[in-house]
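Reading through the structure tokens given below for one structure.
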Amino acid sequence: MALDRGLTGCPICDQVVRVDEEHGRRELRCPRCGGTLHARKTASIGLTWALVCTALVFYVPANVLPITRVVSLGMVQEDTILSGVFYFLQTGSWYIALVIFVASIFVPLLKLVLLILLLVSVQRGSRWRPRDRTRLYRITETVGRWSMVDIYVVTILVALVNFGFLANVDAGPAAVFFAAVVIITILAARSFDPRLIWDQVESRQALQGSPGEDADRE
Amino acid sequence: MPSHLASSRDSLVICHECDLLQRIPSAAAGSRVTCARCGNLLHRHVPDSIERALALSIAGLVLLAVANLLPFIDLSIGGAEAHTTLSTGVQALWQEGKWFLATLVLFTCIVAPLIQLSLMVYVFLPLRAGFVPALARPALRAIHHLREWNMVEVFMLGILVAAVKLAKMATIVPGIAMWSFMGMIFIIAGALASIDRQVVWNRLENLS
Ligand SMILES: [Zn+2]
Ligand SMILES: [Zn+2]
Numbered sequence: 038m039a040l041d042r043g044l045t046g047c048p049i050c051d052q053v054v055r056v057d058e059e060h061g062r063r064e065l066r067c068p069r070c071g072g073t074l075h076a077r078k079t080a081s082i083g084l085t086w087a088l089v090c091t092a093l094v095f096y097v098p099a100n101v102l103p104i105t106r107v108v109s110l111g112m113v114q115e116d117t118i119l120s121g122v123f124y125f126l127q128t129g130s131w132y133i134a135l136v137i138f139v140a141s142i143f144v145p146l147l148k149l150v151l152l153i154l155l156l157v158s159v160q161r162g163s164r165w166r167p168r169d170r171t172r173l174y175r176i177t178e179t180v181g182r183w184s185m186v187d188i189y190v191v192t193i194l195v196a197l198v199n200f201g202f203l204a205n206v207d208a209g210p211a212a213v214f215f216a217a218v219v220i221i222t223i224l225a226a227r228s229f230d231p232r233l234i235w236d237q238v239e240s241r242q243a244l245q246g247s248p249g250e251d252a253d254r255e
Numbered sequence: 150m151p152s153h154l155a156s157s158r159d160s161l162v163i164c165h166e167c168d169l170l171q172r173i174p175s176a177a178a179g180s181r182v183t184c185a186r187c188g189n190l191l192h193r194h195v196p197d198s199i200e201r202a203l204a205l206s207i208a209g210l211v212l213l214a215v216a217n218l219l220p221f222i223d224l225s226i227g228g229a230e231a232h233t234t235l236s237t238g239v240q241a242l243w244q245e246g247k248w249f250l251a252t253l254v255l256f257t258c259i260v261a262p263l264i265q266l267s268l269m270v271y272v273f274l275p276l277r278a279g280f281v282p283a284l285a286r287p288a289l290r291a292i293h294h295l296r297e298w299n300m301v302e303v304f305m306l307g308i309l310v311a312a313v314k315l316a317k318m319a320t321i322v323p324g325i326a327m328w329s330f331m332g333m334i335f336i337i338a339g340a341l342a343s344i345d346r347q348v349v350w351n352r353l354e355n356l357s
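In the order they appear, the protein sequences are chains B and L. In terms of my numbering, the first sequence has 180 at position 143, counting the first letter as 1, and numbering is strictly consecutive. In terms of my numbering, the second sequence has 232 at position 83, counting the first letter as 1, and numbering is strictly consecutive.
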């Protein structure tokens, strides 16, 4: 651990910065780029739990309430995310159904489950496969943005289908909840500190003499 | 870059994901260096980093301007026709009172990439010319922080899904702005990937 040697790395400019004892695990500024440094992210576990729970609560109305409201010649049709998936299945566009199901329903849940798994493992002091758990964390960081696709579909439909009485698409109440879920899970992934996974692994090992100086290439 | 790259302080790096202190080998340009312990990408050597990022971000700005000004998608159902630009959806959401969604879409698809591209030109043009512009450091930090809020590639997938949904009942004609926007997605990804942190921050430190 770099922190055991009193050092931390700047996430923005990669500068190696000395953390003095009084600072301990609190925040300081990078001398090179001026960005805020955290030897470990502040209140990482508590904040991540709070965001994960909020996202779980919002996930329910996001899926139950209608995400689009189509008015055509006085007829109103309301669609939820799931009924949108079924629509594409019935019309034969199963690949689009798959895209929406994965991006809108599977990915947010996967992200929340993975974050809960990581939180619990860190809190229990687990030393189980740290490299794989770091990989899981990387997944939660990268897949989240793709959940926005449904919000964009709604936006484009609202823009294109705007013919007044003839046909009109409005965004339903679920859209706001769904957007909130996406944003909150992005913030949750960002507030989790993957270095906590490795703290547990090293905590019982003696301080190593030399760090791995070889870096492999992909 | 001159010899200061060889100084020992510059080649030490700490992994952001597992906190392992390690040395970056002075590898060939274009190669990736990953963490010895957790596999995280530590560094990518980019040849002519600043020149490349500058050229791409200027091209990106042009494409983004075209994407905003020209017709984006035209749609016709029977006799009815709709002409939209990139921001039509945002305006429609705003008028419906969905200000949160409107702001979110505007920010993630237009404002965030616009700020990133503009700041890259603002910083890299002077750096190439040999001086450091005012507030270069906050500007570079902003480019970094906006990465996760720039979601243009997801927006493109959204266009595809919406097109499939509407294709059954309407005729959809993509406009020049849409092709321009698609080009911008690749260009901005290339511009951001061209930023070699070591090169950029060393240049900045040497000049100031
Ligand atoms: Zn820094
Ligand atoms: Zn690592």
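Yeah, the Cβ is synthetic: ideal placement off N, Cα and C, and Gly gets one too. Model, not experiment: these values are computed from the prediction.
Query                                                                                                                               : Result
Beta-bridge pairing of Met331/L - partner residues as DSSP gives them                                                               : Partner(s): none; Met331/L has no beta bridge.
Proximal residues of chain L, C-beta to C-beta of Ile193/B below 7 Å                                                                : Gly238, Gly307, Ile308, Ala311
Continuous beta strand (DSSP E) stretch holding Glu230/L: start and end                                                             : 229-233
Amino acids of chain L, ordered along the chain, whose beta-carbon sits closer than 7 Å to that of Ser130/B                         : Val313
Those residues, in chain order, that have a beta-carbon closer than 6 Å to some heavy atom of ligand 1                              : Cys47/B, Ile49/B, Cys50/B, Gln52/B, Cys67/B, Arg69/B, Cys70/B, Gly72/B
Beta carbon proximity, Trp350/L to chain B, threshold 7 Å                                                                           : yes
Residue environment, Ser367/L, which counts as buried when at least 16 other CB atoms sit within 10 Å                               : The shown model of chain L, from 150 to 357, leaves out residue 367/L, and the question about it has no answer.
Burial state of Lys317/L (16 or more Cβ within 10 Å)                                                                                : exposed
Straight-line Cα distance separating Gly209/B from Pro98/B                                                                          : 11 Å
Buried versus exposed call for Leu110/B [16 or more other C-beta atoms within 10 Å across all chains shown]                         : exposed
Cross-chain neighbours of Val190/B in chain L, by beta carbon under 8 Å                                                             : Gly307, Val310, Ala311, Lys314
Contacts around Trp183/B, its chain only, beta-carbon distance under 7 Å, and the 5 residues preceding and following it disregarded : Ala140, Val144
Contacts of Ala231/L in chain B (Cβ-Cβ under 9 Å)                                                                                   : Ala196, Leu197, Val198, Asn199, Phe200
The region 250-261 of chain L: positions lying closer than 9 Å to chain B by Cβ                                                     : Leu250, Ala251, Leu253, Val254, Thr257, Cys258
7 Å Cβ cut-off: residues of chain L touching Ile142/B                                                                               : Going along chain L, no residue has its Cβ under 7 Å from Ile142/B, so there is no contact; the nearest lies around 14 Å.
Within-7 Å CB hit, His194/L to chain B                                                                                              : no
Cut-off 6 Å between Cβ atoms - residues of its own chain near Arg254/B, not counting five sequence neighbours on either side        : Note that Arg254/B has pLDDT 35, beneath the 50 cutoff, so the model's placement of it is unreliable and no number is given.
As assigned by DSSP and simplified to three states, the class of Val195/L                                                           : coil
CB contact check: Arg164/B to chain L, cutoff 7 Å                                                                                   : no
Residues that Gln347/L contacts on chain B, provided the C-beta gap is smaller than 8 Å                                             : Asp51
Alpha carbon of Ala226/B to alpha carbon of Ile234/B, nearest angstrom                                                              : 14 Å
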